[in-house]
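**Student:** So the protein lines, in turn, are chains A and B. To convert, note that position 127 of the first sequence is 1107 in our numbering; the numbers rise steadily by one, no gaps. To convert, note that position 31 of the second sequence is 167 in our numbering; the numbers rise steadily by one, no gaps. Every residue, glycine too, gets a C-beta built ideally from N, C-alpha and C. This one's a predicted model, so the numbers in the text were calculated from it and none came from an experiment.
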Amino acid sequence: MPFLAAALNVVGAIFLAHAIFSTHEHTSLHPLSPLPRDIPLELLLSLALLTTGIVLSSPPLKPIQWSHWAGKISREGPSREGYVTREGEEVLGDVDPYAYLGLEAGREGRRGFWGPREARERFLGWVKEGGEGVRLRLGSLWCEYT
Amino acid sequence: MNEERELVINPVVQTSVQHNTQVVSNIRNLTASLFGVAAGTLGLESYPGFVFYLVGTLIVSLLIFVFRAEGKPSEYFHRPLGDLWGGEVFGGLSSFVLTWTLFYGLVRA
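#1: Take leucine 217 of chain B and list the residues in its own chain whose beta-carbon comes closer than 7 Å to its own, dropping the five residues that flank it on each side.
#2: Please tell me whether proline 982 of chain A has its Cβ less than 9 Å away from any Cβ of chain B.
#3: For valine 1064 of chain A, list the residues DSSP reports as bridge partners.
#4: Residues in its own chain within less than 7 Å of leucine 984 of chain A by CB, not counting five upstream and five downstream?
#5: Since alanine 999 of chain A meets chain B, which of its residues come closer than 8 Å, beta carbon to beta carbon?
#6: Just to confirm, are leucine 996 of chain A and leucine 1023 of chain A a CB contact at a threshold of 9 Å?
#7: For the ligand GTP, is there a heavy atom less than 8 Å away from the beta-carbon of isoleucine 1019 of chain A?
#8: Of all the options B:Ser182, B:Ile163, B:Val153, B:Tyr212, which has the alpha carbon lying nearest to the alpha carbon of leucine 1030 of chain A?
#9: Roughly how many whole angstroms lie between the Cα atoms of glycine 241 of chain B and alanine 993 of chain A?
#10: Taking the alpha helix (DSSP H) that aspartate 1018 of chain A falls in, what are its first and last residues?
#11: Measuring straight from C-alpha to C-alpha, what distance separates valine 191 of chain B and tyrosine 183 of chain B?
#12: Shorter than 9 Å from the beta carbon of lysine 1042 of chain A to some beta carbon of chain B?
#13: Alpha carbon to alpha carbon, how far is serine 1038 of chain A from glutamate 181 of chain B? Give it in angstroms, no decimals.
#14: Going by DSSP in three states, valine 991 of chain A sits in which element: helix, strand or coil?
#15: Run through chain A and tell me which residues come within less than 8 Å of threonine 237 of chain B, C-beta to C-beta.
#16: Just how far apart, CA to CA, sit valine 233 of chain B and glycine 172 of chain B?
#17: First and last residue of the alpha helix (DSSP H) that includes tyrosine 240 of chain B?
#18: Rounded to a whole number of angstroms, what is the C-alpha to C-alpha distance between glycine 1033 of chain A and isoleucine 195 of chain B?
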């Protein structure tokens, strides 16, 4: 679609310039006679191409209803602005404003929760395997005991 | 009261509203100068020129309706009649008159 819009804009601009040039030449050579029919037709054609190109090359609209907007983000992920900063970080447009709660995809929403049951099961599994080092999770840190 | 209740139940994203208004305003400004170029080159004078501009903005609204709003303007505009069909029509009028007179003077006079 961006290529089509750019092509429409370029072709429309060429036609527009040609129509304006023809009008200028015609009026300076025959100031009193009316324009031949093909010049206004070319002008209107170029106008149609350019307006379509401008509308197609404009950025897409965003839904204003919160439910539609948030649904679109959760379906398609955060929207990207299409460029990166000088540090190489991608610039994001709309992101989920409640992502910090950690409720996505069946999560419990307790960020940084230690999870003693999970740790116990992992420890028992390690004992069964007769492993060497223990990896314990303390908050968001992993501690290694050997 | 009713509208307030409606907004509490179905909240509106302000940044999206601003973004959509900005997009419509950009399209209007660009196309208004183009219509001015065409009107001046065609040698329109007085009321026909303004009628030409109004018809042109109507066509642009139709293009936005079809290509950008995908036929559902109430999903993208709070008040479709005012924000899409009538949004920024008179904001582009000054740039229309500017290029209209400029190209009339350059090409026809």
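**Tutor:** Short version:
#1: Translated into positions along the second sequence, residue 217 of chain B becomes position 81. Answer for leucine 217 of chain B: no residue qualifies.
#2: Translated into the one-based positions of the first sequence, residue 982 of chain A becomes position 2. Judged by the 9 Å Cβ criterion, proline 982 of chain A is not in contact with chain B.
#3: One-based indexing of the first sequence puts residue 1064 of chain A at position 84. Per DSSP, the beta-bridge partners of valine 1064 of chain A are A:Glu1070.
#4: On the first sequence, position 4 is the one that residue 984 of chain A refers to. Cβ neighbours of leucine 984 of chain A within its own chain (closer than 7 Å, five residues either side excluded): Leu1036.
#5: What you label residue 999 of chain A is simply residue 19 of the first sequence in a count that begins at 1. Per Cβ cutoff of 8 Å: Thr177.
#6: In the first sequence, residue 996 of chain A corresponds to position 16, counting from 1. In the first sequence, residue 1023 of chain A corresponds to position 43, counting from 1. The Cβ atoms of leucine 996 of chain A and leucine 1023 of chain A lie closer than 9 Å to each other.
#7: Summarising the ligand content, the structure contains no ligands, and the ligand GTP is consequently not present.
#8: On the first sequence, position 50 is the one that residue 1030 of chain A refers to. Of the candidates B:Ser182, B:Ile163, B:Val153, B:Tyr212, the one whose C-alpha sits nearest the C-alpha of leucine 1030 of chain A is B:Ile163.
#9: Residue 241 of chain B sits at position 105 when you count from the first residue of the second sequence. Residue 993 of chain A sits at position 13 when you count from the first residue of the first sequence. Distance between the alpha carbons of glycine 241 of chain B and alanine 993 of chain A is about 20 Å.
#10: Here residue 1018 of chain A refers to the residue found at position 38 when the first sequence is read from its first residue. In the DSSP annotation of this structure, the continuous segment of the alpha helix (DSSP H) that includes aspartate 1018 of chain A starts and ends at 1018-1037.
#11: Walking along the second sequence from the start, residue 191 of chain B turns up at place 55. Walking along the second sequence from the start, residue 183 of chain B turns up at place 47. Rounded to whole angstroms, valine 191 of chain B to tyrosine 183 of chain B spans 12 Å at the Cα level.
#12: In the first sequence, the residue the question calls residue 1042 of chain A occupies position 62. It does; some Cβ of chain B falls within 9 Å.
#13: As a working mapping, residue 181 of chain B is identified with position 45 in the second sequence. As a working mapping, residue 1038 of chain A is identified with position 58 in the first sequence. Taking C-alpha positions only, glutamate 181 of chain B is separated from serine 1038 of chain A by approximately 31 Å.
#14: Here residue 991 of chain A corresponds to residue number 11 of the first sequence, with the count starting at 1. In the three-state scheme derived from DSSP, where H, G and I count as helix and E and B as strand, valine 991 of chain A is classed as helix.
#15: Start at 1 with the first residue of the second sequence, and residue 237 of chain B comes out as number 101. Within chain A, no residue comes near threonine 237 of chain B; the closest Cβ sits about 15 Å away, beyond 8 Å.
#16: Working through the second sequence from its first residue, we reach residue 233 of chain B at position 97. Working through the second sequence from its first residue, we reach residue 172 of chain B at position 36. So the alpha carbons of these two residues sit roughly 6 Å apart.
#17: On the second sequence, position 104 is the one that residue 240 of chain B refers to. Judged by DSSP secondary structure, tyrosine 240 of chain B falls outside any alpha helix (DSSP H); it is assigned neither H nor E.
#18: Taking the first sequence and counting its residues from 1, one reaches residue 1033 of chain A at position 53. Taking the second sequence and counting its residues from 1, one reaches residue 195 of chain B at position 59. Those two C-alpha atoms are separated by around 13 Å.
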